[in-house]
Structures are given as structure tokens and as C-alpha cells.
Amino acid sequence: MVAMADEMLVAGEGQLKGFMSVAGNPVLSTPNGEKLDEALSGLEFMVSLDYFVTETSRHANIILPPVSPLERDHYDITFNGFAVHNVAKYSPALFSKTENEKHDWEIYLELADRLDKDAPEAVQKERAATKAFGPKFLLEQGLKYGPYKDVTLDALIDNPHGIDLGPLHRMLPEAIKHADKQINLNVDFYQADLERIKEMMQQYDNQEILLIGRRHVRSNNSWLHNSYRLVKGKSRCTLMLHPETAAQHGIEDGQDVRVTSRRQCGYCSRGD
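If you're matching positions, the sequence shown starts at 389 in our numbering and goes up one per residue.
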């Protein structure tokens, strides 16, 4: 994301002239969004998969809206990898989609068919099979060949609140693919650049504060700001400071603070 706007704005070999955004609003959620906003406006073609016309998708030549979250089945894959306990839960769609609506995966497959008509036969067969059976079949097969033989899709449907599979299983050191079965922390690529980081940190003035952004459950970066129900109410732009840092800068709890950088400024209140 750091160089994406430059890749679009700087003319020459390798210049990005097309872009596809999926469920994201980087004009709001990335630093120096004004520059990216300018870059997107100069593209030759842009496609967005989105429910809304956002600060980013407004530049798209075509917006392809997928079905809503309540019109799709859900089985978490990403966050199960961060879980502290083994569980499995499946949620069927609450509403059926209409004939003209498409799931994300259906949109991707149709785009692939139209843009890559000369794909190898094996790839075309794989696409056809995915269209015919859908992700539910893939989930069934994944559960079938997974470590818990009693966990089937039917079992998950019969247990709408999920199935408790017990504590996590030890996976180390077997999961480490290095020959010595140790995690390589001293990677040459990063180690060689540590001195530059030290020099950069030493350049900071003692009066400067390093600002770190965070997600809020009701905004989730910029994904949910189109929902009035979620964004209404008092401002949640709070600044969390160490008490000593706050005292050093003469900032009291609840005081309005002006936060500035070389690119932009904004206002927030100091929280606890």
C-alpha cells in the first residue's frame, strides 16, 4: 500500500493502469489517502466488488455488488487459525438470494471465464466443478478429510451454536519446516536493515509522539462507516496516551487534542 499510488501516478514501464478493489476502502483506511484518491481517478479502468459507492469505489467504471452477509452460508476459516480453543461452527444463510444476485465466488468465476477463455483444460474443468458444487461441497470434503472424523456438515447444522472440540493440539516443532526445527528470527534480509531503523528512530524529537492506529469494533477501519446505526452516537476518535506522556505535553483526560502530521490533521479526545 505504501507505493501503490506512486505505481499508478508515475508514468513509464510497469505503470499500473487498472485496479480491482474487493471489500476495501483504502482511500480512507491507508495513510495519505488523498494521493491514492488522485491516483485512482487517473486509471484507465477500475472494478470494485462492493455494496456501496465509497470514497474508493466511486472511481470504479463498474461496481459489482455481491449478496449481503445474511444471504450467504458462513464457516470461519481465517479466525479459527487464531482461536485459543478448538471449535467448529456453521451458519446457513438466513435469507435466500434472488435469481439475479451472485455470491462473491460466482462473480470471480464468471470474471475468470470471460477474461481467461484460453485457460488450460484442467483449469476450466476445475472452474466448472466449483460452479456445479459450490463452496459447501468443498467444506464437506475439508471436514471429511480433517482430523475430527465426527465433525460433518450435517453435524454442524444439527448444532447451530457450534461444536466444542477441546483444547488446542500441540503442533510444534512439527509445523516448523526448517531442518533444525527452529524458528529463524535472524533473517538476513531484515537484519541488514536494522541499522537504518535505529537511525530513523534516533531522528525523532523527544517532543514528537508516534501515533499507532487501531480498529474499533463499530467501524472496523472504514468498512462499516456506511451504516448509520453503527456510526451514530458520540465520537469514538479517542487518543490513548501514557499518563507521563500526557503530563509532559500538558494534556488532561477528556481534553480535545489536535493531531497533525506532514500530510493531514484531525481532532480527537484523550481517553483513559
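Cβ atoms here follow ideal geometry from the backbone N, Cα and C, with glycine treated the same way. Keep in mind that this is a model prediction, so the values were computed, not measured.
Rank D492, H630, D394 and A393 by C-alpha distance to the C-alpha of P453 and give the top, closest one. Sequence index remark: in the sequence shown, residue 453 carries index 65 (1-based). Taking the Cα of P453 as reference, the smallest distance to any Cα among D492, H630, D394 and A393 is reached at D492.
Just to confirm the assignment, what range does the alpha helix (DSSP H) spanning L428 have? Counting from 1 along the sequence shown, the entry for residue 428 is found at position 40. Taken as a continuous stretch (DSSP letters only), the alpha helix (DSSP H) holding L428 covers G421 to S429.
Terminal residues of the continuous beta strand (DSSP E) containing T648? Your numbering for residue 648 matches position 260 in the sequence shown. Counting along the chain, the beta strand (DSSP E) containing T648 begins and ends at D644 to T648.
To which residues does DSSP link F433 through a beta bridge? By one-based count along the sequence shown, residue 433 stands at place 45. F433 is bridged to G406.
Neighbourhood of L404 by C-beta distance below 8 Å, restricted to the same chain and skipping five residues each side: The residue labelled residue 404 in the question sits at position 16 within the sequence shown. Excluding the 5 residues flanking it on each side, L404 has same chain C-beta neighbours closer than 8 Å at M392, E395, M396 and L431, in chain order.
Report the rounded CA-to-CA distance for D660 versus S429, giving the unit in angstroms. By one-based count along the sequence shown, residue 660 stands at place 272. By one-based count along the sequence shown, residue 429 stands at place 41. Bear in mind that a pLDDT of 45 at D660, under 50, signals an unreliable position, so the number given afterwards is only what the model happens to contain. Roughly 40 Å separates the two Cα atoms.
Nearest to H637 by CA position, among G530, H604, S607 and E596, is which residue? As a position in the sequence shown, residue 637 is number 249, starting the count at 1. Put simply, of G530, H604, S607 and E596 the residue whose alpha carbon is nearest the alpha carbon of H637 is E596.
Three-pair Cβ contact test at 8 Å for the segment 542 to 550 versus the segment 464 to 478: yes
With the cut-off set at 7 Å, would you say A427 and S436 are in Cβ contact? In the sequence shown, counting from the first residue as 1, residue 427 sits at position 39. In the sequence shown, counting from the first residue as 1, residue 436 sits at position 48. Cβ distance not < 7 Å, so A427 and S436 don't count as in contact.
Give a yes or no on contact between the segment 497 to 507 and the segment 574 to 587, applying the rule of three or more CB pairs nearer than 8 Å. no
Are Y463 and L526 touching if we call contact CB-CB under 7 Å? Here the question's residue 463 lines up with position 75 in the sequence shown. Here the question's residue 526 lines up with position 138 in the sequence shown. Not in contact: Y463 and L526 (Cβ atoms no closer than 7 Å).
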